[in-house]
Structure formats: structure tokens, C-alpha cells
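Take any residue in the sequence shown, note its place counting from 1, add 6, and you have its number in my numbering. Ideal Cβ placement from N, Cα and C applies to all residues, glycine included. Here the structure is a predicted model, which means the values were calculated and not measured.
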Amino acid sequence: MGPTGVFPLVGLLLVALTCVALLSRWFGAPSAAGRFATIDGLRGYLAFAVFLHHACAWYFYLRTGRWELPPSPVYVHLGKSSVVLFFMITGFLFSLKLIDGRQRGVDWLKLYVSRVMRLTPLYLVAVAALFVVVALLSEGQLRVPALSLVKQSLYWLAFTIPGTVDLNATPDTCLVLACVTWSLRVEWLFYLFLPVLALCLGLAPPALSLLLAAVAVAVAWQVGLPLAALVPFASGILAALLTKLPRVCALARHWGASVVATLSLLATIAYFPSPHAAAPLALLTLVFALIACGTDLFGALRRGVSRLFGELAYSLYLLHGLALFIAFRFVLDREWVAEVSSVTHWLLIAALTPILIGTCFATFRWIERPGMDATDAVTAWIRRHLPRMTVVPKRPA
């Protein structure tokens, strides 16, 4: 079994699902009422795929010292295609809010507060852990001017939107979080661009939100954020429009749609080196559109275990890099782990998986969920102190 074999993927997924199944049995699965169950069920698998992608990348990094894509199309797609599908999920959910808002209006303040409360609490915890790791690697010594360290820290606290920088002259600081923060920059760019999309859908967003959208585009241009990365969001928007067509949704719920989605996903992996081309992106769009419209991949995505797995997705995505870094840099002997066989490497990842799943369950329950639950209270507080803020804009005549 080589470092890029398929068998580790199956084994590690079974380990992860066993852990989640135990958590589901002890604490219960989340309700599917009022939600897109298939989307919720998809998230966890995507986040875990990114973990497997980076676990494979670590195998080669420990031996070469170069952080590169794994030399396997399967493992490349585990990372890149999963992130593309995550972008599609975001495009789908938020364009759907705007589409539905044509009838009942959009609460722009609550929308943006919800994004801050959803993403920021766990992100701050992750960055705090990164600061601790850097302090340990730096042996508590200040290796750059104090003002430079403050500036670098602010870059990280701002979701690395201004750019990803090394902290306190620690090489490859981004490896502490597996360099995943770039995707959060793109997500924020999309959120700030939503008012422009609202205009296209016939809504009248607040002037302030349009100003923020213009600023976001200018910042993205200035810091070199790839606007082309927004393309997968358009696939999500297309899927949102398709969910409004009853005949499409009826076809998507047929078992044959699961066959089509599975074959399309396998074709993407088998015939294309990455998802960043027209043909593989079209195939992934088809897969996602079917899932958004109700395709559940033979029932797998609707199961309670999959939905609970999906709740852990953000924690899995943001914290798996930290788990890998701590394991390979602090817990295990670096010289030994750089020489172990691929079988031993994957057994180490298997041992790490229950710890990661348990940690992510805890961070969701005690960090993410309280933040989400506080959205209404924070929105109300802002309205009391900023009463002139637009609440629900009217649909233009």
C-alpha cells in the first residue's frame, strides 16, 4: 500500500464515520426539518476529504521539505474539488436567500451578523492556537520588530484578507493551519459581493452594502485575490435556481440521479487532473445541482450520521491542519516519522482521526453553536445602537 493508495481513504472514512456514529448515538443527530438535508450531509465528507488531502501532503513534506500537491489525481481532487464544492454550497445557500428575498425582503444586517458570528469565533480560536504554536517554535523570542509582529498578527486576525504572511519570522507559518485560510478570504469576498447579485435579482440592497461591495472588489484587486475563484459560486447560484423547478427536483430524487452523480464525480477524478477547467467544473456543477435538488447518493447523505458529520465540517476544515502540525512537529519524533513506511503513516493518521473528530464535536458544541445562537441578540443590539441601519429593504417597484 503506497502513500497515495485508495485503501487508506476507505479505512479512514470508516474510522471517522464510526466515531460520528458513536457521537450520534450518545448525543443524537441534528434535525433535518427546514434544512437541505442532502447539503448538510455532504459537508462533512468534503471537510474530511480535505483532511485526507493534507494528510497525504504531509507524508511527502516530511521527506522533501516542500509543501506541494500530492502526486496523485485522487488526492488532488480530495482537496481541490472539495473546496470547489464548498464554494458551490455557499453560492447556493446565499443566492437562495436573495431569491426568496424577492418576496419577503432581505434582512441585510442580520445576514452579515450571522456570517461574522458563524465564522469568527472558531477562527479566532484557531488563530490563537497558531499564535501559541509560533511562540513555541520561536522559543518565546521576538525575532522581528514589535510593530512588524503586530502588523503580521492583524493580517491573521483579519482572515488573512490582506495576505498570508509568516509570523515572527517563522517559515511557512500557514502550515500550522494547512494553509486553508485562502478559501475564507474568497468566501468573504463573495459575501461582500452579495449586494451586487441582489441588484441582478431585482432587489434594492442598502447603499452602504453596495459601497462595501465596491471596496471588497478594490481590496481583492489590490491584494491579488483571484476573482476567478468566484466562478464555482455561480454554479451554486444555478443550483439555487434549479431547486425552484419541481420537475427537476422530482428527477433528482429518483435513484437514477444518484447513479448519474456518482459516475460524474468518478469521471471528474479519473479524467481530469484538477477541477479548474471547464469540463471538470461542469461535471462538478452537475453533481452539486443534483444533490441540491434532492439527490442523496443512495440515501447516504440523508442519514443522521452524515448530517452530524456535516455539523462538524467547519471545525474539521479549520482545525485539521493544526492537528496534523502538532502531531508531526511536537508529539512524534520528526526524524522517525520522516522515515516510516506509508502503512505506518496512515496508521498514525487513523489514530489521530478519533481525536480530531472528538475535538471538532466539542468546538462545534461549545464555540460554533453559541456563536450562531447569539446572532439574533447581536443583531438586536446593533439595531438599538444604530437605529438608522436598513433592516429589510423593500423590493423595487
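Less than 8 Å divides the Cβ of Leu68 from the Cβ of Val343. One alpha carbon belongs to Ser264, the other to Ala246, and they sit about 19 Å apart.
The beta carbon of Ala35 sits closer than 6 Å to those of Gly310, Arg313 and Leu314, all from its chain and outside the five residues before and after it, given in chain order.
Two segments are said to touch when three or more pairs of C-beta atoms, one from each, lie closer than 8 Å; by this definition the region 74-83 touches the region 274-287. Inter-segment contact for the region 324-335 and the region 182-189 is present: three or more beta-carbon pairs are separated by less than 8 Å.
Annotated three-state conformation of Gln109 is helix, per DSSP. Only exposed fits Cys206, as fewer than 16 other CB atoms lie within 10 angstroms of its CB. Looking at the backbone, the Cα of Arg149 and that of Leu231 are separated by about 29 Å. Judged by pairs of C-beta atoms under 8 Å, the region 195-215 does not touch the region 251-269, as fewer than three such pairs exist.
Residue burial annotation: Lys157 is exposed, with fewer than 16 other C-beta atoms found within 10 angstroms of its C-beta. Here Gln147 carries a coil assignment [DSSP, helix/strand/coil]. The three-state secondary structure of Trp188, taken from DSSP, is helix. In the DSSP annotation of this structure, the continuous segment of the alpha helix (DSSP H) that includes Glu341 starts and ends at Arg340 to Val343. Thr24 has its alpha-carbon roughly 10 Å from the corresponding atom of Arg31. By the criterion of a C-beta distance shorter than 6 Å, Gly169 is surrounded in its chain by Val229, once the five residues flanking it on both sides are discounted. Separation of Trp73 and Leu271 (C-alpha to C-alpha, rounded to the nearest whole angstrom) is 26 Å.
Of the other Cβ atoms in all chains shown, 16 or more fall within 10 Å of the Cβ of Ala267; this residue is therefore buried.
The beta carbon of Phe66 lies closer than 6 Å to none in the same chain, with the five residues before and after it left out.
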